[in-house]
Amino acid sequence: MSYQVLARKWRPRTFHELVGQEHVQRALVNALDQGRLHHAYLFTGTRGVGKTTLARILAKCLNCTAAGRGDEGVTSRPCGECDSCRAIDEGRFVDLIEVDAASRTKVEDTRELLDNVQYAPAQGRYKVYLIDEVHMLSTHSFNALLKTLEEPPSHVKFLLATTDPQKLPVTVLSRCLQFTLKNMPPERIVEHLSRVMTAEQVAYEDDALWLLGKAADGSMRDAMSLTDQAIAFGQGVIRRADVAAMLGTLDHRLLLTLVEALAEADAARVLSEVASLAEQGPDFAGVLDDLTGVFHRLAIAQMVPDALDNGHGDRDALLALAARFTAEDVQLYYQIGLQGRADMESAPDARTALEMTLLRMLAFRPQGVPRPPRTPLPLRGEANTAAANGASNIDTPADAPPEVSEPRGPASDAVTVDEPPPWEMPSEPPSAPAAAASGEAMPSEPTESESTESESTEPESTEPESTEPEPAECEPRVEAEGQDDSRVLDHAGWLALFRRLTLSGLTRSLAAHCVVEDDDGRCLRLRLDPSQAAMNAEVHVERIERALAEAGIERRVSVEPGAIPDGVETPKACSDREAAERHAEAVEALRGDPHIQQLEQAFDARLLEQTVSPQTQTE
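Numbers 2 to 620, taken from the working numbering, label the letters of the sequence shown in order.
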């Protein structure tokens with residue numbers, strides 16, 4: 002006896018053997034049991050979901066002649082043993098006319114078919130016309146079919162199947178009961194495949210069945226065909242490695258390893274994982290799509306863990322990974338992944354686009370946010386271990402706050418005890434070339450009058466003393482012999498100095514939201530408004546240090562988020578206050594203008610304060 006493929010051998014023969022499609026099964030079973038039969042049924046859905054199988058089962062239900070049912074006894078449970086049931090299963094039932102509309106599209110073929118409709122069935126109870134891919138019929142064929150489809154003889158039933166119902170005329174749709182079949186979820190496919198493999202006595206690995214279920218893309222027939230191929234490929238055994246090689250798909254565990262490297266914010270390991278992926282010659286656009294899908298599932302795992310699917314058999318691994326990301330990181334990485342996918346066509350090559358997208362995720366990762374603790378992944382195979390061993394790891398843990406700057410040696414390298422700091426408050430403008438070129442002096446400390454005013458408005462004794470621990474980047478204060486405390490930056494000095502710093506963009510915005518927390522002549526500690534903590538990054542700190550050096554102030558800078566003390570203004574707050582004062586003065590000046598008052602009285606006009614723009618005074 003010749004071998005019969007699994008898709009045909011395990012094709013359901015009754016409604017109760019059907020896998021999935023419960024909504025269609027329930028409607029048809031109830032209609033058969035109650036005798037409420039329509040004359041035309043339309044089954045729609047993608048390939049391999051059971052359209053033709055349902056039609057054949059319905060044909061058996063209409064023509065089963067099991068003893069005791071009589072001539073009119075249709076049933077929802079065909080016996081499968083009578084002549085009609087066996088003939089339908091074997092494809093030789095004369096009253097089941099199967100038509101392939103893709104090959105018989107001409108109107109002459111349809112008219113020839115309809116000429117025989119009037120004749121009674123030769124063997125069964127009903128003459129059943131099963132028209133597959135009905136959307137392929139021509140317009141004239143549909144027109145010829147319409148009248149018969151609406152009012153066929155009582156002994157005729159039409160069963161139509163199509164993968165593209167949008168191409169059917171509305172006049173045809175209105176004459177049929179339409180049932181839309183759903184794609185099979187991977188869980189349902191894997192469950193059915195495991196039962197079939199057990200019955201077939203074929204050894205298998207669960208992970209291999211998950212690969213087959215995912216590759217089937219919702220089609221049970223495709224899953225059966227791929228399983229046949231996997232059995233032949235593995236010489237009677239279904240192994241994950243064999244299935245992955247046969248399908249040419251990326252090992253999902255390598256993708257999880259890449260996500261794990263992102264969780265650790267380990268750029269070196271991320272690039273190493275991409276290099277490992279490149280050895281397999283994958284579709285990098287597909288890798289980015291899969292990676293974005295993983296972040297989508299991580300978001301579900303964080304928000305609604307019970308709703309997380311097990312489409313790859315990796316539910317436990319994703320739940321462990323979700324605990325290592327913040328919700329903000331997942332949303333940001335997902336959005337960057339989508340944008341990177343859209344920009345891939347403009348990139349020099351696909352691998353470069355993937356690497357830049359991953360590095361962009363790490364570059365824009367919010368800084369200063371507490372990170373969840375590390376938890377080991379429950380799903381880790383040999384591929385993960387090999388990739389992890391080959392990657393260079395960074396010692397900084399993922400849950401530790403990022404360092405602002407790297408150590409730069411002892412404090413004596415920055416400022417020696419024997420010589421004073423390089424920035425001083427001169428009594429006269431310096432004669433440096435830069436100052437001469439700009440035409441003005443660039444003092445780095447407030448003048449004597451400014452210092453006096455600052456001391457009167459913001460007494461030093463009223464400033465709250467910070468109780469936060471000093472960051473590791475800054476050395477503890479060491480009072481140098483002969484060091485002048487007047488050289489130490491205070492809040493007023495920072496406000497005056499900020500306006501002269503050559504900063505721009507995000508770096509200037511970051512510095513504008515900072516106040517001086519402490520300055521010992523070697524390390525300048527800045528306290529950042531907590532609402533702007535997401536901007537804090539090492540690159541901005543380095544730019545602030547360079548700008549201070551250009552202004553003649555050699556300092557190592559440390560920026561830490563923290564509450565701004567009452568009565569202390571950041572440069573941004575100071576600028577906003579001054580702008581508000583200028584705006585208020587301009588509004589007051591306009592309200593006191595006699596011409597404006599005359600307009601208000603004559604025309605009942607009113608001054609729109611938000612449109613007033615004070616004029617900038619220039620010296």
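Just so you know, even glycine gets a beta-carbon here, dropped at the ideal spot from N, CA and C.
As the structure is a computational prediction, the values presented were derived from the model and not from experiment.
For residue i and residue j, which I take to be in contact (beta-carbon distance under 8 Å), what is that distance rounded to the nearest angstrom?
i, j, result
"L256", "D310", "That pair is no contact at about 16 Å."
"A26", "F16", "Per the sequence presented here, residue 26 reads as Gln, with Ala not at that position. About 5 Å separates the two Cβ atoms, so the contact holds."
"R352", "A264", "About 22 Å separates the two Cβ atoms, so there is no contact after all."
"V271", "A279", "At roughly 13 Å, the Cβ-Cβ gap does not stay under 8 Å, so V271 and A279 are not in contact."
"R523", "S559", "Rounded, the Cβ-Cβ distance is 11 Å, inconsistent with contact."
"I89", "A60", "6 Å"
"L115", "T149", "5 Å"
"M536", "L507", "6 Å"
Excluding the 5 residues flanking residue i on each side, which residues of the same chain have their C-beta closer than 8 Å to its C-beta?
i, result
"A28", "F180"
"L496", "E570, P572, C575"
"A233", "none"
"E620", "Caution is warranted here: a pLDDT of 41 is assigned to E620, below 50, making its placement in the model unreliable, and the coordinate value is therefore given only provisionally. Within the same chain, E620 has no close Cβ partners at all."
"T293", "Y335, G338, L339, R342"
"H297", "Y335"
Grab me the residues of residue i's own chain with a C-beta within less than 7 Å of its C-beta, minus the 5 sequence neighbours each way, in chain order.
i, result
"A302", "L309, L319, L320, A323"
"L355", "V275, F285, V288, L289"
"S432", "Any reading at S432 must be qualified, since the residue scores a pLDDT of 40, below 50, and its modelled position is unreliable; the value itself is stated next. Hits under 7 Å: none found."
"T612", "none"
"S195", "L210"
"N184", "T47, V50, G219"
"H514", "L529, D530, Q533, T571, K573"
"T503", "A548, E551"
"K52", "F44, G46, A162, L182"
"H253", "H313, D315"
"I190", "G214, A217, M221, A224"
"Q230", "M247"
So, at 6 Å on beta carbons, what are the nonlocal neighbours of residue i in its own chain, with the 5 sequence-adjacent residues on each side left out?
i, result
"S142", "V108, T111"
"S452", "With a pLDDT of only 41 at S452, under the threshold of 50, the placement of this residue in the model should not be trusted; the figure read from the coordinates follows. Counting only Cβ-Cβ distances below 6 Å, and skipping sequence neighbours, we find nothing."
"T45", "T163, P166, T181"
"G235", "D243"
"S139", "T106"
So which of the options has the shortest CA-CA distance to residue i?
i, options, result
"G314", "L263, S226, L213, G249", "L213"
"N31", "C62, P615, G46", "C62"
"H1", "R556, A581, E589, L7", "One cannot answer for residue 1 here, as it falls past the ends of the chain, which runs 2 to 620."
"E586", "V558, P566, Q616", "Q616"
"T327", "M304, R342, D344, R105", "M304"
"A217", "I239, V203, P186", "P186"
"A364", "I190, A343, A268", "A268"
"L609", "V542, K168, R592, H541", "R592"
"P283", "G249, Y334, K128, L259", "G249"
"S576", "P566, R557, S510", "S510"
"E188", "V157, I89, G21, Q202", "G21"
"L55", "A300, D133, I190", "D133"
"T76", "I554, L33, Q602", "L33"
"P566", "R578, H492, A590", "H492"
"V489", "R241, D521, G506", "D521"
"A123", "R105, V135, V100, V157", "V157"
"E561", "G553, H541, I554, G568", "H541"
"V135", "A603, A102, Y120", "A102"
Where do the N-terminal and C-terminal ends of the alpha helix (DSSP H) with residue i fall, by residue?
i, result
"Y335", "328-343"
"P595", "595-604"
"E109", "108-115"
"I565", "That residue, I565, is in no alpha helix (DSSP H); it is neither H nor E in DSSP."
"T258", "253-264"
"W495", "492-499"
"V271", "268-279"
"F143", "140-151"
Starting from residue i, trace the beta strand (DSSP E) both ways and give me its first and last residue.
i, result
"Q202", "Segment: none, Q202 is in no beta strand (DSSP E) and carries neither H nor E."
"C80", "Run containing C80: none; DSSP gives neither H nor E here."
"L94", "Here residue 94 is Phe; the residue named in the question, Leu, does not match the sequence. Note, F94: premise wrong, no beta strand (DSSP E); not H, not E."
"V157", "157-163"
"F180", "178-181"
"K168", "Unbroken run through K168: none, as it is neither H nor E."
"S220", "No beta strand (DSSP E) contains S220, which DSSP labels as neither H nor E."
"R526", "524-529"
"C515", "515-520"
"V129", "128-133"
"L43", "41-45"
Spell out a yes or no on whether the segment 166-177 and the segment 199-212 are touching, meaning 3 or more CB-CB pairs, one atom from each, closer than 8 Å. These segments do not touch.
Would the segment 76-83 and the segment 91-99 be scored as touching if the rule is three or more Cβ pairs under 8 Å? In short, these stretches do not touch, since the Cβ pair count stays below three.
Give a yes or no on contact between the segment 150-158 and the segment 33-44, applying the rule of three or more CB pairs nearer than 8 Å. Segments in contact, yes.
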